[in-house]
Amino acid sequence: MNILIKFYTITTLFLLICSYVADAQKVVQIPMGQNIGKSKELAISNIAENIRFIPLETNENCLFGNDISKIVLVDDTIFVSDYNYIFKYDLNGNFITRIGKKGRGPGEYAKGFQTFLVDKDKQQLIGFDLLDQKMMEYDFDANFLREVQVDFFPGPVEWNGNGDIVVYNMSFTYEKEPWHDLYLLDKNAKTIQKNRFKKQTDKRYGLMVYPALFYHYKGKTRYKNPYENVIHELDEKGRTTPVYELDYGKYEKYSDVDDVEVQVKNGIGTNRSNPKSFEKISLLGLSETDAYLFICYGHQERRKLGVFDKSNGTFFNLFDTNFDLYGFHDDLYGGLPLFPRVGLKNSQFFTYYTALEFKELLKAAKSLKPELKNMLNKIDENDNPVLILVELKQSQPDEK
2 MNILIKFYTI
12 TTLFLLICSY
22 VADAQKVVQI
32 PMGQNIGKSK
42 ELAISNIAEN
52 IRFIPLETNE
62 NCLFGNDISK
72 IVLVDDTIFV
82 SDYNYIFKYD
92 LNGNFITRIG
102 KKGRGPGEYA
112 KGFQTFLVDK
122 DKQQLIGFDL
132 LDQKMMEYDF
142 DANFLREVQV
152 DFFPGPVEWN
162 GNGDIVVYNM
172 SFTYEKEPWH
182 DLYLLDKNAK
192 TIQKNRFKKQ
202 TDKRYGLMVY
212 PALFYHYKGK
222 TRYKNPYENV
232 IHELDEKGRT
242 TPVYELDYGK
252 YEKYSDVDDV
262 EVQVKNGIGT
272 NRSNPKSFEK
282 ISLLGLSETD
292 AYLFICYGHQ
302 ERRKLGVFDK
312 SNGTFFNLFD
322 TNFDLYGFHD
332 DLYGGLPLFP
342 RVGLKNSQFF
352 TYYTALEFKE
362 LLKAAKSLKP
372 ELKNMLNKID
382 ENDNPVLILV
392 ELKQSQPDEK
């Protein structure tokens, strides 16, 4: 009898463990393609308690040359990169210093950083130079500290759990098989682990210009490869586990289309947007709370903001009819649509608009608060971008 009881107990425990493992490994489907035409208008006051507008100072030492790639807030200091340099500002938008120097000599880089990392404890910044294949470190005062070579072409980067660095390999589809799309490095740029990419033999891997994406949720790093429709979670050793699968529906057939066309004439190559990629869904950014997964993406030559509601498994776009733009409606200040354009952290997210967009789009706004009107009058259309810091309600859980 005791043997029989033990048998049933062990069997029950085994089944419970199997059930738990199955649930833990269950990949959540996001019906994106089937609902890509659905939009809702939601007020930012549903999730936010305060908004701060930060016009960035403009002078000859801090002229933004490209789009913003990353914004990081450290106490009262803002670090902003534009693919060329990292700029340091205070919370009022006053310029402090510029970090980085272009060139081919020691302490210089050939191409700007796609993204960068902040080591708050050491008061240091870390970036990776794609062309010269090296990791570069600076202190918060813009002093160059060191550089270390790597043996692959580094792209977007992120911290991974225990202080190691996970880096996307930009050229993995051009390398000999097996392909490795992710490198896990220690702080000395020594390779700890390489992630083997699961190549599909029946799939074409075309020319991609859209980035690999990283974000944090509940202390874990999550990652999407631009050649896959899957969002993975990384463990401390850099191993990947799928957590979400994006179902593009009828648009899936465009996923392998080249983003650009390369034309060669008289020995000179030129790139242009591929007309066949018009219907292609290309992800630009991801961030997550306990309630929502925010998906910033490009489709039909427009930048859109999709939302996956985790409570009921539905997908829709956030759309502000006042401006004919995607994002939360700003019912607090009457300003432009808001969305986590460059990530969400510590119950805050940043978005931004160019000074020209900010002035032109707000001209027709009917319910601007006085402080926003005053700011609008002081901004020149050729100024640097205007950052918008959105502080979420304390009851709104973030990615920690």
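Here the sequence shown stands for residues 2 to 401, where the numbers follow my numbering. C-beta: ideal position from N, C-alpha, C; glycine also. Nothing here was measured: the structure is a model prediction, and the numbers come from that model.
Just to check my reading of the structure: Leu186 and Lys225 have Cβ atoms closer than 8 Å, yes? What is that Cβ distance to the nearest angstrom?
Taking the sequence shown and counting its residues from 1, the one referred to as residue 186 is at position 185. Taking the sequence shown and counting its residues from 1, the one referred to as residue 225 is at position 224. At roughly 20 Å, the Cβ-Cβ gap does not stay under 8 Å, so Leu186 and Lys225 are not in contact.
Among the candidates Cys63, Gly38 and Gly335, whose CA atom is the shortest distance from the CA of His300?
If you number the sequence shown from 1, residue 300 lands on position 299. Measuring from the Cα of His300, the nearest candidate turns out to be Gly38.
Hey, quick one: how far does the alpha helix (DSSP H) through Leu339 stretch, first residue to last?
Position 338 of the sequence shown, counted from the first residue, corresponds to residue 339. Here Leu339 belongs to no alpha helix (DSSP H), and DSSP marks it neither H nor E.
By the three-class DSSP mapping on this structure, what secondary structure does Pro276 have?
The residue given as residue 276 occupies position 275 in the sequence shown. If DSSP states are grouped into helix, strand and coil, Pro276 belongs with the helices.
Report all residues from its chain with a CB closer than 6 Å to the CB of Pro56; omit the five preceding and five following residues, and keep chain order.
Position 55 of the sequence shown, counted from the start, is the residue given in the question as residue 56. Answer for Pro56: Gly94, Ile380 and Val387, listed in chain order.
Along the chain, where does the beta strand (DSSP E) that runs through Asn318 open and close?
To locate residue 318, count along the sequence shown from 1; it is residue 317. Element bounds for Asn318: Thr315 to Asp321.
What does DSSP give as the partner residue(s) for Gly1 in the beta ladder?
For the chain, the structure presents residues 2 to 401; residue 1 sits outside this window and is missing.
By DSSP's criteria, Arg223 is part of a beta bridge. Which residues make up the other side?
For the purposes of this step, residue 223 is taken as the residue at position 222 of the sequence shown. Arg223 is bridged by DSSP to Tyr216 and Glu234.
Determine the closest residue to Ile69 out of Ser368, Gly344 and Leu362, with distance taken between C-alpha atoms.
Here residue 69 refers to the residue found at position 68 of the sequence shown. With distances taken between Cα atoms, Ile69 lies closest to Gly344.
Distance check for Phe340 and Cys297, CA to CA, integer angstroms please.
Residue 297 sits at position 296 when you count from the first residue of the sequence shown. Residue 340 sits at position 339 when you count from the first residue of the sequence shown. So the alpha carbons of these two residues sit roughly 9 Å apart.
For a test of the three-state rule: what should DSSP assign to Thr352, helix, strand or coil?
Residue 352 sits at position 351 when you count from the first residue of the sequence shown. Of the three classes helix, strand and coil, the one that applies to Thr352 here is strand, per DSSP.
Ignore the nearest five residues each way along the sequence and tell me which others in Asp384's own chain have a CB closer than 8 Å to its CB.
Walking along the sequence shown from the start, residue 384 turns up at place 383. Cβ neighbours of Asp384 beyond the five flanking positions: Pro56, Leu57, Thr59 and Ala356.
By how many angstroms is the C-alpha of Ser368 removed from the C-alpha of Lys188?
Mapped onto the sequence shown, residue 188 falls at position 187. Mapped onto the sequence shown, residue 368 falls at position 367. So the two alpha carbons sit approximately 49 Å from each other.
Could you say which of Tyr245, Lys219, Glu237 and Leu235 lies nearest to Glu229 if we only look at CA atoms?
Residue mapping note: residue 229 aligns to position 228 of the sequence shown, counting from 1. Nearest Cα to Glu229 within the set Tyr245, Lys219, Glu237 and Leu235: Tyr245.
In the DSSP assignment, the beta strand (DSSP E) including Met136 goes from what residue to what residue?
For the purposes of this step, residue 136 is identified with residue 135 of the sequence shown, where counting begins at 1. Where Met136 is concerned, the enclosing beta strand (DSSP E) stretches over Lys135 to Asp140.
Report the partner residues of Tyr206 according to the DSSP bridge assignment.
Indexing the sequence shown from 1 puts residue 206 at position 205. Bridge partners of Tyr206: none, in fact.
Quick one: Cα of Glu61 to Cα of Thr98, how far?
Here residue 61 refers to the residue found at position 60 when the sequence shown is read from its first residue. Here residue 98 refers to the residue found at position 97 when the sequence shown is read from its first residue. Between Glu61 and Thr98, the C-alpha separation is close to 12 Å.
Just to check my reading of the structure: Gln125 and Glu138 have Cβ atoms closer than 8 Å, yes? What is that Cβ distance to the nearest angstrom?
In the sequence shown, residue 125 corresponds to position 124, counting from 1. In the sequence shown, residue 138 corresponds to position 137, counting from 1. Contact flag correct, Cβ pair sits at about 6 Å.
For the candidate residues Phe359, Phe351, Phe317 and Asn318, whose alpha-carbon lies nearest to that of Leu337?
By one-based count along the sequence shown, residue 337 stands at place 336. Comparing Cα positions, the closest option is Phe359.
Please classify Tyr255: does DSSP put it in a helix, a strand, or coil?
As a working note, residue 255 is residue 254 in the sequence shown. Helix at Tyr255.
Can you have a look at Pro155 and say buried or exposed, based on whether 16 or more other CB atoms are within 10 angstroms of its CB?
Mapped onto the sequence shown, residue 155 falls at position 154. Per the 10 Å Cβ criterion, buried.
For my contact list, Ser172 and Phe117 are in at a C-beta cut-off of 8 Å; report their separation, rounded to the angstrom.
Residue numbering aside, residue 172 sits at position 171 when the sequence shown is read from its first letter. Residue numbering aside, residue 117 sits at position 116 when the sequence shown is read from its first letter. About 20 Å; that fails the 8 Å criterion.
Going by the CB atoms, is the gap between Asn196 and Gly239 shorter than 7 Å?
In the sequence shown, residue 239 corresponds to position 238, counting from 1. In the sequence shown, residue 196 corresponds to position 195, counting from 1. For Gly239 and Asn196, yes; Cβs fall inside 7 Å.
On the criterion of 16 or more Cβ atoms from any shown chain inside 10 Å, does Asn67 qualify as buried, or is it exposed?
Residue numbering aside, residue 67 sits at position 66 when the sequence shown is read from its first letter. Exposed, since its Cβ has fewer than 16 Cβ neighbours within 10 Å.
Does the stretch 27–43 touch the stretch 304–324, meaning 3 or more C-beta pairs lie closer than 8 Å?
yes
Indicate the three-state DSSP secondary structure (helix, strand or coil) for Thr174 in the structure shown.
To locate residue 174, count along the sequence shown from 1; it is residue 173. Thr174 falls in the helix class under three-state DSSP.
With DSSP as the reference, label Gln194 as helix, strand or coil.
Here residue 194 corresponds to residue number 193 of the sequence shown, with the count starting at 1. In the structure shown, Gln194 sits in a strand (DSSP, three-state: E or B).
Indicate whether Thr192 and Tyr184 have their beta-carbon atoms separated by less than 7 Å.
Here the question's residue 192 lines up with position 191 in the sequence shown. Here the question's residue 184 lines up with position 183 in the sequence shown. In contact: Thr192 and Tyr184 (Cβ atoms closer than 7 Å).
In whole angstroms, what separates the C-alpha of Leu92 from that of Ile79?
The residue given as residue 92 occupies position 91 in the sequence shown. The residue given as residue 79 occupies position 78 in the sequence shown. Distance between the alpha carbons of Leu92 and Ile79: 7 Å.
Where does Phe329 sit, in a helix, a strand or coil, going by DSSP?
Against the sequence shown, residue 329 aligns to sequence position 328. Of the three classes helix, strand and coil, the one that applies to Phe329 here is strand, per DSSP.
If you reduce the DSSP assignment to three classes, tell me which class Asn36 lands in.
For this step, residue 36 is matched to residue 35 along the sequence shown. It is helical.
Mark Phe350 as exposed unless 16 or more other C-beta atoms lie within 10 angstroms of its C-beta, in which case mark it buried.
Taking the first residue of the sequence shown as position 1, residue 350 is located at position 349. By the neighbour-count rule (16 or more Cβ atoms within 10 Å), Phe350 is buried.
Tell me which residues share the same chain as Leu132 and place their Cβ nearer than 7 Å to its Cβ, disregarding the 5 neighbours each side in the sequence.
Residue mapping note: residue 132 aligns to position 131 of the sequence shown, counting from 1. If we look at Leu132 and ignore the five residues flanking it on each side, its Cβ neighbours are Ala111 and Lys112.
Could you check if Asp203 is buried or exposed, using at least 16 other CB atoms within 10 Å of its CB as the buried criterion?
Within the sequence shown, numbered from 1, the residue matching residue 203 stands at position 202. It counts as exposed.
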